[in-house]
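**Q** Just so you know, the sequences run in chain order L and H. Per numbering that gives the first Met the number 0, the very first residue in the first sequence carries number 0; after that it's consecutive. Per numbering that gives the first Met the number 0, the very first residue in the second sequence carries number 0; after that it's consecutive. Positions of the beta carbon are idealized from the N, C-alpha and C atoms, including for glycine. Take a look at the following structure, please.
Number of protein chains: 2
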Amino acid sequence: MIKLDFAKDEHGLLPAIVQDYQTGEVLMLAYINRQAWDKTLETGKAHYWSRSRACLWLKGETSGHVQIIKEILVDCDQDTVVYKVEQLGGAACHTGYRSCFYRKVDGNRLVVDAQERLFDPETVYGLK
Amino acid sequence: MIKLDFAKDEHGLLPAIVQDYQTGEVLMLAYINRQAWDKTLETGKAHYWSRSRACLWLKGETSGHVQIIKEILVDCDQDTVVYKVEQLGGAACHTGYRSCFYRKVDGNRLVVDAQERLFDPETVYGLK
Numbered sequence: 000m001i002k003l004d005f006a007k008d009e010h011g012l013l014p015a016i017v018q019d020y021q022t023g024e025v026l027m028l029a030y031i032n033r034q035a036w037d038k039t040l041e042t043g044k045a046h047y048w049s050r051s052r053a054c055l056w057l058k059g060e061t062s063g064h065v066q067i068i069k070e071i072l073v074d075c076d077q078d079t080v081v082y083k084v085e086q087l088g089g090a091a092c093h094t095g096y097r098s099c100f101y102r103k104v105d106g107n108r109l110v111v112d113a114q115e116r117l118f119d120p121e122t123v124y125g126l127k
Numbered sequence: 000m001i002k003l004d005f006a007k008d009e010h011g012l013l014p015a016i017v018q019d020y021q022t023g024e025v026l027m028l029a030y031i032n033r034q035a036w037d038k039t040l041e042t043g044k045a046h047y048w049s050r051s052r053a054c055l056w057l058k059g060e061t062s063g064h065v066q067i068i069k070e071i072l073v074d075c076d077q078d079t080v081v082y083k084v085e086q087l088g089g090a091a092c093h094t095g096y097r098s099c100f101y102r103k104v105d106g107n108r109l110v111v112d113a114q115e116r117l118f119d120p121e122t123v124y125g126l127k
C-alpha cells in the first residue's frame, strides 16, 4: 500500500487538491485522513474527512455530485495529494459553482471569475 | 484589503495551492499566514510560512526560483487560495522536478510521472 505521512499533522489530516482531470481547473481542496485515503483507493470515489462534521465524507453523498478518481498524484514529502477527477453533476462547490475558487483577487476586492452557477443550493441541499 | 479566515486554523495557517499560470499544472502546496499573504499581495511574489523553519519564506530566496504572481483565486470559505504563478527557473520542487507532484499512484506503487529533473539539488542548495 502507498503510505502517506499522516503523522506530520497533529490531527492526522492532509490536504487533497481536487483538479478536473480534463481541464486542470482546481475544483476544491479538502482534507483526508488514513480512512478517507484507504476508502478512496478502494472505491475509486473521492472520500474526505469532514472537519466540521467530524466524520468520513463521501463527496456527493447528499448531492449525488460524486467525484470519480481518474488519477492520483503524490508530492515529494508524501503529505499532500492531487485527485484528478470527473466531477459528476458538473459542480464541486456547495454554492453551485463549478469550482470553489470562483472568485479572484482584483485590487482590494474579490470578483466572481466568469462562472455561472450550475445548480441552486436550495434545491440540492435544502439550504435557505 | 481582502480578508482570509486565518482564525479557522489554530496556528493561523491556510493552504495555498500553486498552479502554473499557463499550463494549469499544480506545482506545489504550501502554507500562508497573514504576514505571508500580505507580503504576497504587496510584492507580487509568492511568500509562505515555513512550518519546518518557523519563519516567513520568500519562495526562491535561496534558489532564485521565485514565483511571480499572475492571478490569485480565493475559495468559497476564504480559507484556501490558488496562486497562479510564473515559476522562474522552471522547477518548483526542491528535488529539481518541475512539480512537487511528480509521482502518480499506479496500483500499489508510486511511479515518476514523465518528468525530468530540471536542476540538481546539490548544485542549487548544496544538499548532499
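Considering only residues of the same chain and omitting the five flanking positions on each side of residue 49/H, which have a CB-CB separation below 6 Å?
**A** Counting only Cβ-Cβ distances below 6 Å, and skipping sequence neighbours, we find 56.
**Q** Give the DSSP bridge partners of residue 83/H, in chain order.
**A** Beta-bridge pairing links residue 83/H to 18/H and 70/H.
**Q** Return the first residue and the last residue of the alpha helix (DSSP H) that residue 124/L is part of.
**A** Per DSSP, residue 124/L belongs to the alpha helix (DSSP H) from 120-124.
**Q** Keeping to the same chain, check which residues put their C-beta closer than 6 Å to that of residue 32/H; ignore five residues upstream and five downstream.
**A** Here the set comprises 11, 12 and 48.
**Q** Please work out which residues of its chain come closer than 8 Å, Cβ to Cβ, to residue 124/H, disregarding the five sequence neighbours upstream and downstream, and give them in chain order.
**A** Only 61, 62 and 93 meet the Cβ criterion.
**Q** Using Cβ-Cβ distances below 8 Å, what residues of the stretch 16-47 of chain L are close to chain H?
**A** Listed by position along the chain: 16, 18, 22, 23, 24, 25, 27, 28 and 40.
**Q** Give the DSSP-derived three-state secondary structure of residue 105/L in the structure shown.
**A** Reduced to three states, the DSSP call for residue 105/L is strand.
**Q** If you drop the 5 nearest sequence neighbours on each side, which residues of the same chain put their C-beta closer than 6 Å to that of residue 65/L?
**A** 44, 59 and 87, listed in sequence order.
**Q** Going by DSSP in three states, residue 29/H sits in which element: helix, strand or coil?
**A** Residue 29/H: strand per DSSP, three-state reduction.
**Q** Mind checking whether residue 79/L and residue 28/H have CB atoms under 8 Å apart?
**A** Yes, the Cβ-Cβ distance between residue 79/L and residue 28/H is below 8 Å.
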